[in-house]
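**Student:** Got a structure for you, questions after.
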Ligand code: IVH
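Have a look at this one:
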């Protein structure tokens, strides 16, 4: 009998302490598998039992409650996501037909396969192809037991609680039910419900969905089924997976049976006997498409006779007996009212055309994206132009062409700005890049949140307790608009302002200010990295710090390097691993007045320490060839490489006879084997740091 089998009220104190320790570790492991890896290692019931036992033991021995006890985790029971459900019969996809010829060929192929005479009629059902999410609902002896999303086809997510909120889906089948049946169908949201949902979301300043399909997906995949209840989902049933204890002759008969069990079946489904009939049904459906209450993206034809379906079988992941006849992307003509330049989080300038709203296949379209400056120029799209736009499925509409015959006389080519429309900083475009970017990194509000996040991140200023949520909230309230604000927060009456915020009180405010104040002195390389200059990661920051030594020198050198003929520019390029492209970004960053202002103001708040060059002569790895392999746990790979280089080592990418030292972290594979085979010295990360004298930097 193991300790676990001992009833909790019979445990000795010693046993209880040991078991609480085990339980904490075990539950943490399951949580990790569940949340981070999406791969639960226990059933929900077993997991709940572990937590219950932990709680019972703790109740009996309150003084044994551990600091890492699972009962102390915020919210006590962490919200668990969706469990995985295995489909008995995989959920496959469909092949596509785009033209009448494709449909003709589909029928011919069937005749050939079944060795039917060419003129033998092949009856098919023609069903609208619903643009939603497929589901599989398992009924055992007429009772709904589990429902799942399609997932990867073999395994989906358990959405039983959510699907039960759809009123029209039977929980118990009416009439005679088979022993087992997996009902397959499509969940969707009507266009009207989608509009209403988005209006309600906008009023709450909540997420706006791009289209009914996304709204349906978002609603169905709510962890909290109470939310799903308030989202009006509908479904159509059209097929089955596993089936035991009943048989059908045709797809049509099956659809009738679905109805008598109580399922909703699409009323526009019909039986066609000829290709001509199929095309006619498809054309009619296309004409009515915009009027339908829900989105469809084509017609699905399925061979009606199930004995034929069985013989036809599957090719790879799609049945030979069915095909989706897709509608072509929809087009419409409209006018470009104006062209706006948007600035993304990375500073990329993207043109967006604002259009006179137009109905494209049932959806009102008011904007179209153009990927970049070049596309805009190539198509010569101008404000006031009449354009042909195309919408295909989910994608944001594109501008296909300009109707030059309708171009207004006074029209002028669009001039792409060279200044950021958000912050006014210069926007530069590198030679072989299609994208123009704002250089106002630190002050541009379009990029600011991302920049601040980077600035405080672990390898940069490493300010604890200033997480993503705080960054966004502080930014939006104008409390911290840029890195300087962080260091002036306290003297700008920050304590009082924080006290007014929910969730902030004496202790947490002290902690935040402590964390900020601890970083008022920082090494040059971390500082340069924290600036978030494009292409300047830890390794480059270290090289720059090593080369220029102080922030003052670096700033002077960057200012002097503006022209390529200058010595300063040549010097910059002479640094190993710094090419023209990195140089351009660096120079642009330091040339931007807004960034210089931030640097000046930061200098009033913090001290950037000069780079402490390690004495290469003394370094035990000077002149040695080293190779890193596997995962490094205390440092990024690039940072470790740069560090080794500054200590005078040469870092190689592969192991050879010439290699002096291999630093192998967990997960090391072929390089480690190679080193062992060649007799090259191998050390762990910890041994390596001990060798070079600690995690310098
Ligand atoms: S039958 C093995 N019938 O279209 C055949 N699918 O592109 C499985 N769909 O994954 C599908 N309406 O999500 C079938 N009347 C219909 C459909 C339909 C929509 C979806 C379904 C499927 C996808 C394939």
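Residue numbers (the working numbering): 2 to 698. The C-beta atom is built at its ideal place from N, Cα and C for all residues, glycine as well. Just so you know, these numbers come straight off a predicted model, no measurement behind them.
Measuring only the C-alpha atoms, how far is residue 530 from residue 537?
**Tutor:** Straight-line Cα distance between these residues: approximately 7 Å.
**Student:** By the DSSP assignment, the beta strand (DSSP E) with residue 145 in it spans what residues?
**Tutor:** It spans 144-150 - the beta strand (DSSP E) in which residue 145 sits, taken as one unbroken run.
**Student:** What would DSSP say about residue 343, mapped onto helix, strand or coil?
**Tutor:** Residue state, collapsed to three classes: strand.
**Student:** Check whether the stretch 192-201 touches the stretch 156-166, counting contact only when three or more Cβ pairs, one atom from each stretch, lie closer than 8 Å.
**Tutor:** No, the stretch 192-201 does not touch the stretch 156-166.
**Student:** Among 526, 678, 532, which has the Cα closest to the Cα of residue 545?
**Tutor:** That would be 526, whose Cα lies nearest to the Cα of residue 545.
**Student:** Looking at the strands, I want to know which residues DSSP matches up with residue 390.
**Tutor:** DSSP, once it has assigned bridges, lists 333, 400 as partnering residue 390.
**Student:** When you compare the CB positions of residue 389 and residue 357, do they come within less than 9 Å of one another, or not?
**Tutor:** Against a cut-off of 9 Å, the Cβ pair of residue 357 and residue 389 comes out as no contact.
**Student:** If you drop the 5 nearest sequence neighbours on each side, which residues of the same chain put their C-beta closer than 8 Å to that of residue 407?
**Tutor:** Taken in chain order, the residues that qualify are 386, 387.
**Student:** If you measure from the CB of residue 239, is any heavy atom of ligand 2 nearer than 8 Å?
**Tutor:** Absent from the structure shown: ligand 2. Ligands present: ligand 1.
**Student:** I need the DSSP call for residue 447, collapsed to helix, strand or coil.
**Tutor:** Residue state, collapsed to three classes: helix.
**Student:** With residue 87 as the anchor, note down where its beta strand (DSSP E) starts and where it stops.
**Tutor:** Run containing residue 87: 85-87, per the beta strand (DSSP E) assignment.
**Student:** Look at the alpha carbon of residue 420 and the alpha carbon of residue 342, and state the distance between them as a whole number of angstroms.
**Tutor:** So the two alpha carbons sit approximately 10 Å from each other.
**Student:** Can you list, in chain order, the residues of its chain with a C-beta nearer than 7 Å to that of residue 593? Leave out the 5 residues immediately preceding and following it.
**Tutor:** If we look at residue 593 and ignore the five residues flanking it on each side, its Cβ neighbours are 426, 427, 440, 441.
**Student:** Please confirm whether any heavy atom of ligand 1 lies closer than 8 Å to the CB of residue 190.
**Tutor:** No.
**Student:** Less than 9 Å between the beta carbons of residue 137 and residue 172, yes or no?
**Tutor:** No, Cβ-Cβ distance for residue 137 and residue 172 is not below 9 Å.
**Student:** Can you grab the Cα-Cα spacing for the pair residue 80 / residue 264, in whole Å?
**Tutor:** Any reading at residue 80 is ruled out, since the residue's pLDDT is 32, under 50, leaving its predicted position unreliable.
**Student:** Going straight from the alpha carbon of residue 541 to that of residue 298, what length do you get?
**Tutor:** Roughly 50 Å separates the two Cα atoms.
**Student:** DSSP puts residue 518 in a beta bridge; with which residues?
**Tutor:** Paired residue(s): none; residue 518 is not in a bridge.
**Student:** Could you check where the alpha helix (DSSP H) with residue 106 kicks off and where it finishes?
**Tutor:** It spans 101-115 - the alpha helix (DSSP H) in which residue 106 sits, taken as one unbroken run.
**Student:** Taking three-plus beta-carbon pairs below 8 Å as touching, is the stretch 242-252 in contact with the stretch 81-94?
**Tutor:** Segments in contact, yes.
**Student:** Given residue 458, which residues of its chain have a CB within under 7 Å of its CB, disregarding the five upstream and five downstream residues?
**Tutor:** Once the five neighbours on either side are set aside, residue 458 has no close Cβ partner at all.
**Student:** Measuring straight from C-alpha to C-alpha, what distance separates residue 374 and residue 351?
**Tutor:** Straight-line Cα distance between these residues: approximately 7 Å.
**Student:** From this set, 315, 143, 227, which residue's C-alpha is nearest residue 181's C-alpha?
**Tutor:** For residue 181, the nearest C-alpha among the options comes from 143.
**Student:** Measure how close the beta-carbons of residue 295 and residue 213 come, nearest whole angstrom, since I'm counting them as under 8 Å.
**Tutor:** Confirmed, about 7 Å.
**Student:** Who are the near neighbours of residue 460 in its chain, counting only those whose CB is closer than 8 Å to its CB and skipping five residues on each side?
**Tutor:** Counting only Cβ-Cβ distances below 8 Å, and skipping sequence neighbours, we find 527, 530, 539, 637, 640.
**Student:** Alpha carbon to alpha carbon, how far is residue 474 from residue 202?
**Tutor:** So the two alpha carbons sit approximately 20 Å from each other.
**Student:** Give me the Cβ distance between residue 521 and residue 510, rounded to the nearest whole Å; I'm assuming they're in contact under 8 Å.
**Tutor:** The pair is not a contact, with the Cβ atoms about 17 Å apart (cut-off 8 Å).
**Student:** What three-state label does DSSP hand residue 376 in the structure shown?
**Tutor:** Here residue 376 sits in helix by DSSP.
**Student:** Give the straight-line distance between the Cα atoms of residue 597 and residue 591, rounded to the nearest whole angstrom.
**Tutor:** Approximately 6 Å, taken between the alpha carbons.
**Student:** Do residue 223 and residue 304 have their beta-carbon atoms positioned less than 9 Å apart in this structure?
**Tutor:** Contact flag unset, no.
**Student:** Nearest chain B C-beta to residue 489 closer than 9 Å, yes or no?
**Tutor:** Judged by its chain identifiers, the structure shown contains no chain B, having just a single protein chain.
**Student:** Relative to the C-alpha of residue 450, which residue among 339, 692, 477, 654 is closest?
**Tutor:** Considering only alpha carbons, the answer is 477.
**Student:** Who are residue 210's beta bridge partners in DSSP?
**Tutor:** Paired residues: none, contrary to the question.
**Student:** What first and last residue would you give for the beta strand (DSSP E) that runs through residue 360?
**Tutor:** Looking at the DSSP string, the run of the beta strand (DSSP E) that includes residue 360 is 350-361.
**Student:** Assign residue 413 to one of two classes, buried (16 or more other C-beta atoms within 10 Å of its C-beta) or exposed (fewer than that).
**Tutor:** Exposed is the call here.
**Student:** Quick check: residue 266 and residue 221, are their CB atoms within less than 9 Å of each other?
**Tutor:** Going by C-beta atoms, residue 266 is not nearer than 9 Å to residue 221.
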